[in-house]
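Residue numbers (the working numbering), protein chains in the order written: chain V, 62 to 317; chain Y, 62 to 317; chain S, 62 to 317; chain U, 62 to 317.
(1) Unbroken beta strand (DSSP E) runs of length 3 or more, entirely within the segment 240 to 303 of chain U: which are they?
(2) Here's the rule I'm using: 16 or more other beta-carbon atoms within 10 Å means buried, otherwise exposed. How should residue 181/Y be labelled?
(3) Span of the beta strand (DSSP E) holding residue 181/S?
(4) Use the C-beta contact count for residue 76/S: other C-beta atoms within 10 angstroms, 16 or more gives buried, fewer gives exposed.
(5) Is residue 80/S helix, strand or coil when you go by DSSP?
(6) I want to know whether the segment 149 to 156 of chain V touches the segment 210 to 222 of chain V - three or more CB-CB distances under 8 Å.
(7) Counting only beta-carbon separations shorter than 7 Å, does residue 307/U have a partner in chain Y?
(8) Just to confirm, is the Cβ distance from residue 147/V to residue 236/V under 7 Å?
(9) Does residue 295/U come within less than 7 Å of chain Y when only Cβ atoms are used?
(10) Is residue 83/V a contact residue of the ligand NAD, with contact defined as CB to any heavy atom under 6 Å?
(11) Tell me, which residues are paired with residue 199/V by DSSP?
(12) Would you say residue 182/Y lies against chain V (beta-carbon separation less than 7 Å)?
(13) Report the rounded CA-to-CA distance for residue 74/V versus residue 136/V, giving the unit in angstroms.
(14) Near residue 252/S, which residues of its chain fall below 8 Å by C-beta distance, leaving aside the five closest residues on each side in sequence?
(15) Assign residue 174/U to one of two classes, buried (16 or more other C-beta atoms within 10 Å of its C-beta) or exposed (fewer than that).
(16) With which residues is residue 136/U paired in a DSSP beta bridge?
(17) Measure from the alpha carbon of residue 240/U to the alpha carbon of each residue in 264/U, 172/U, 84/U and 128/U, then state which is nearest.
(18) Assuming residue 98/S and residue 276/S make a contact with CB atoms under 8 Å, what is their CB distance in whole Å?
(19) Out of 247/U, 232/U and 282/U, point me to the one whose CA is closest to residue 119/Y's CA.
(20) Going by DSSP in three states, residue 111/U sits in which element: helix, strand or coil?
(21) Give me whichever residues DSSP pairs with residue 120/V in a beta bridge.
(22) Please say whether residue 84/U and residue 229/U have beta carbons closer to each other than 7 Å?
(23) Listing by chain order, which chain S residues have their CB less than 8 Å from the CB of residue 156/U?
(24) Would you mind sorting residue 210/U into buried or exposed? The rule is 16 or more other CB atoms within 10 Å of its CB.
(25) Is residue 83/V close to chain S? Criterion is C-beta to C-beta, closer than 7 Å.
(26) DSSP state of residue 66/U, grouped into three classes?
(27) Taking a Cβ distance cut-off of 9 Å, strictly less, list which residues of the segment 124 to 146 of chain V are near chain Y, in chain order.
(28) Answer yes or no: do residue 291/S and residue 143/S have a C-beta to C-beta separation smaller than 7 Å?
(29) Given this structure, state the Cα-to-Cα distance separating residue 245/U from residue 70/Y, to the nearest angstrom.
(30) Less than 6 Å between C-beta atoms, sequence neighbours within five positions excluded: which residues of the same chain meet that for residue 196/Y?
(31) What is the DSSP secondary structure of residue 216/U, reduced to helix, strand or coil?
(32) Pop quiz: residue 184/Y and residue 86/Y are said to be a contact at Cβ under 8 Å. What is the actual Cβ separation, rounded to whole angstroms?
(33) Consider the Cβ of residue 288/Y: report whether some Cβ of chain U lies at a distance smaller than 7 Å.
(34) Is residue 200/V close to chain S, meaning its C-beta is less than 7 Å from at least one C-beta of that chain?
Here you go:
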């Protein structure tokens, strides 16, 4: 397996779907929101993406079976006036720079096949300090989107985040723009120390408003606790096995 | 040499062989068991695999000749009711993430050519503590295999190993599953500090039971001591030569 | 996106243009000078270059829109006796060794298409000490150029810089020479601790003399201050987000 | 430039030439001997090899001109009963694992084109202690060569070097063997702390005896001193520029 593999699970027909990306990243905010949406909306898995740019590993489930690390795309057929959605979630992002470019290209190819005209990239913005009242800051790839997003409660700060936006979220905006697809990055302001359900709720609130889809929110808190536990265990195990590891720790550290 | 090179040494005809993977890994358990099986069963070398993903080096034998680092596949024709086996062993695993994916793809291509329908991936599970009574924990790529393996003495722990299974062992389960091949990972619980013959014996006991092949076990202890010596020397030399090394230490550290 | 992408923005017709490279590098000297020239000469952007060898990120502008990191080529039609120019600037250089070779190949392909016969590669030479009277040291890819550059105020030191010239500047001389294109590296001697407008002025003075183009210099100081601020912010943010980053810090550190 | 580039400088016709490799490596022993032989034998440069696997840099000569880092092959037509030689020297070895495999493949392709049937790979064997009476230890890729080399004064130690032989020297033996070419590695035992002319003389003595070519030796000492100076300067500069470097230090450190 030298190439990224796109495995179609199910055929669906969607109308102008909006792509929501919630891969692992800063403070686990994007992953938390998107994983939750997949479940709350009962979205259907339609595509699995495997890639040599992901860490070379499988995860072990509670029942003893394994799961090859991957990214997945789920489809949601909007009810009544709701728009159709594609939800991109996964265990990891690319472990290499080049892989981010390749995989984002793959995501955008799929988006174009389904006629996607708008992308929301969800993430966190780590401040290093605990946040009392979580807010959502934004970045967009077309100026007109700033005003629209402000209407939904998104804040824009001059030249922030100062370090730019790294990984799939950033490239979906950058490379998406080169293909003429509107893209908006929603970053929940978070300490970065914990999996932060309050910040995730705020991101979901903004997103729901823009999508005009109501998503139940109470399960978010529990999901955050569970995710925190899994990440803690993952890190602990990686530390324990570090001296014997086959591969470079840097390439393998958990992102989510 | 830009591509992985598969060098056929010998033609054999096998019936539904089972593939046993014992490449270097945590606590050297898998390598110890598989190297031992190759010798105890007098298996025939049929394939050598060379790859730019292995460290760029040769090993030096006692007689002054060298050995290009590689992976090897041995064949064993089962006697009477025994199944046929393919045994995958080697000096190193891939030194890169992408290489793990590519090489596992190569292993699975070969497995499919020989009609392999089941894979055992052998490894260790390092706890960081010395283990009194070694056990074998398992992970599988099809739920029905859990019960079968429990019958052979394998333990399954909820969501363990928490850090997932990394390298060829993990990918043989993950990518093997995508090709519809059953695969089982047997991990001997070990401290990880030494080459652990007791744990290796336990893995071999479980494996023998499942394969219904008797393998002599006494030589395991001596082989463990010898392997410990070689690894010690290798690490010592690498440390001594580190300041002058041509290549990145991380990429070259011994795995086995 | 697996390959470097050359995006033509505008068609221009130039006569024997001289290529000026000012990508990020030691002390930000080259970037400072070239960015300034683009603005002061009101040069036209004709080409954007995107590559998987750049960090996988977008920068965020003051107005909330993003910019996919890239390299850019601007064209300047010389007035009267002035030569035509191509100016190569950008946010980053390649994040990988191989990428430097590939991208320099791309730059030289473009240079050849426009009939470039001479290249100036601008950079800094960090001494680790604050410099009272900035000077410009040179290196060339054809011996006859040494004398010519001395006439413009360039100093040549025996075997200096002793560590060679790394990145695009070096390779433009080396690989450019293999294609028969004259190339000169102008290195402003600088402490390396700050974005150094005095050193940049000296490089610009030498370059202006050789090109026989007058470039206004006063804005350089202000531009240096602004660049210093942006870099400071970038570094601060990268540090703050480091534990949660998706990608390897080494690959992402700002060069400019 | 995405691929390794072989640039033919001169056509020569040789009879069964022996290939001598002396690229940078442990203690600079191989490079010292081979560089010296090129000069002492007045060999002709016939091939230059450029590669994206070398560090992305140029070196600066005393006269202000640059040299793109590369490997070079020189030819020597043997006088009377002397054999013809190909001498492989260079500024660096590959900076990546994969590059070692690719470049060694390139070297062997060239060797086969010239009908090479025997290779000497020259290197050092660092002990970390100053060596009173330098010796030369060997490794070979065909058992019969052990006895022959002992006749020339080469020592063979059981299983030594314990860490194997890394880089081009190792792979020339390993991959050369796969192509049926005899190859011998001569490693001068050295502290590894300095560029060691005494050890180099010993390697040259052994090699001269085997080749039956007399090579003048006195210039070796002076060459060692000069090389020591250049390396010191290179390291100093790299340290000074480290915080501003475009590329990863690990990938760029001088090998020679």
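The C-beta atom is built at its ideal place from N, Cα and C for all residues, glycine as well.
Quick answer:
(1) 243 to 251
(2) The sequence position of residue 181/Y within the second chain is 120, counting from 1. Flag for residue 181/Y reads buried.
(3) Start at 1 with the first residue of the third chain, and residue 181/S comes out as number 120. Start and end: 179 to 187.
(4) By one-based count along the third chain, residue 76/S stands at place 15. Burial call: exposed.
(5) In the third chain, counting from the first residue as 1, residue 80/S sits at position 19. Of the three classes helix, strand and coil, the one that applies to residue 80/S here is strand, per DSSP.
(6) no
(7) Numbered from its first residue, the fourth chain carries residue 307/U at position 246. Residue placement at residue 307/U is poorly supported in this model, since its pLDDT is 35, which falls under 50; the coordinates still yield a value, given next. Answer no: the Cβ-Cβ gap between residue 307/U and chain Y never drops below 7 Å.
(8) The sequence position of residue 147/V within the first chain is 86, counting from 1. The sequence position of residue 236/V within the first chain is 175, counting from 1. Result no, Cβ atoms of residue 147/V and residue 236/V do not sit closer than 7 Å.
(9) For the purposes of this step, residue 295/U is taken as the residue at position 234 of the fourth chain. So no, residue 295/U is outside the interface.
(10) No copy of the ligand NAD occurs in the structure displayed, which carries no ligand at all.
(11) Numbered from its first residue, the first chain carries residue 199/V at position 138. Answer by DSSP bridge pairing, in chain order: 247/V.
(12) Taking the second chain and counting its residues from 1, one reaches residue 182/Y at position 121. False, the Cβ-Cβ gap to chain V never drops below 7 Å.
(13) For the purposes of this step, residue 74/V is identified with residue 13 of the first chain, where counting begins at 1. For the purposes of this step, residue 136/V is identified with residue 75 of the first chain, where counting begins at 1. Rounded to the nearest angstrom, the two C-alpha atoms are 9 Å apart.
(14) On the third chain, residue 252/S is found 191 positions in, with the first residue counted as 1. Around residue 252/S: 88, 187, 188, 189, 190, 191 and 192.
(15) In the fourth chain, residue 174/U corresponds to position 113, counting from 1. By the neighbour-count rule (16 or more Cβ atoms within 10 Å), residue 174/U is not buried but exposed.
(16) Taking the fourth chain and counting its residues from 1, one reaches residue 136/U at position 75. Residue 136/U is bridged to 105/U and 147/U.
(17) As a position in the fourth chain, residue 240/U is number 179, starting the count at 1. Nearest option by C-alpha distance: 172/U.
(18) The residue labelled residue 98/S in the question sits at position 37 within the third chain. The residue labelled residue 276/S in the question sits at position 215 within the third chain. About 6 Å separates the two Cβ atoms, so the contact holds.
(19) Within the second chain, numbered from 1, the residue matching residue 119/Y stands at position 58. Among 247/U, 232/U and 282/U, the Cα nearest to that of residue 119/Y is on 232/U.
(20) Against the fourth chain, residue 111/U aligns to sequence position 50. Looking at residue 111/U - three-state DSSP - the assignment turns out to be strand.
(21) Position 59 of the first chain, counted from the start, is the residue given in the question as residue 120/V. DSSP lists 128/V as partners of residue 120/V.
(22) Taking the fourth chain and counting its residues from 1, the one referred to as residue 229/U is at position 168. Taking the fourth chain and counting its residues from 1, the one referred to as residue 84/U is at position 23. Contact: yes.
(23) The residue labelled residue 156/U in the question sits at position 95 within the fourth chain. In chain order: 158.
(24) In the fourth chain, residue 210/U corresponds to position 149, counting from 1. By the 10 Å Cβ count, residue 210/U comes out buried.
(25) Position 22 of the first chain, counting from 1, holds the residue named residue 83/V. So, not an interface residue.
(26) Position 5 of the fourth chain, counted from the start, is the residue given in the question as residue 66/U. Looking at residue 66/U - three-state DSSP - the assignment turns out to be strand.
(27) 124, 125, 126, 127, 128, 129, 130 and 131
(28) One-based indexing of the third chain puts residue 291/S at position 230. One-based indexing of the third chain puts residue 143/S at position 82. Cβ distance not < 7 Å, so residue 291/S and residue 143/S don't count as in contact.
(29) Here residue 245/U refers to the residue found at position 184 of the fourth chain. Here residue 70/Y refers to the residue found at position 9 of the second chain. Whole-angstrom Cα-Cα distance: 24 Å.
(30) Taking the first residue of the second chain as position 1, residue 196/Y is located at position 135. 216 and 250, listed in sequence order.
(31) Against the fourth chain, residue 216/U aligns to sequence position 155. Note: residue 216/U maps to strand in three-state DSSP.
(32) Counting from one through the second chain, the residue named residue 184/Y turns up at place 123. Counting from one through the second chain, the residue named residue 86/Y turns up at place 25. Rounded, the Cβ-Cβ distance is 5 Å, consistent with contact.
(33) Taking the second chain and counting its residues from 1, one reaches residue 288/Y at position 227. Answer no: the Cβ-Cβ gap between residue 288/Y and chain U never drops below 7 Å.
(34) If you number the first chain from 1, residue 200/V lands on position 139. Residue 200/V counts as touching chain S.
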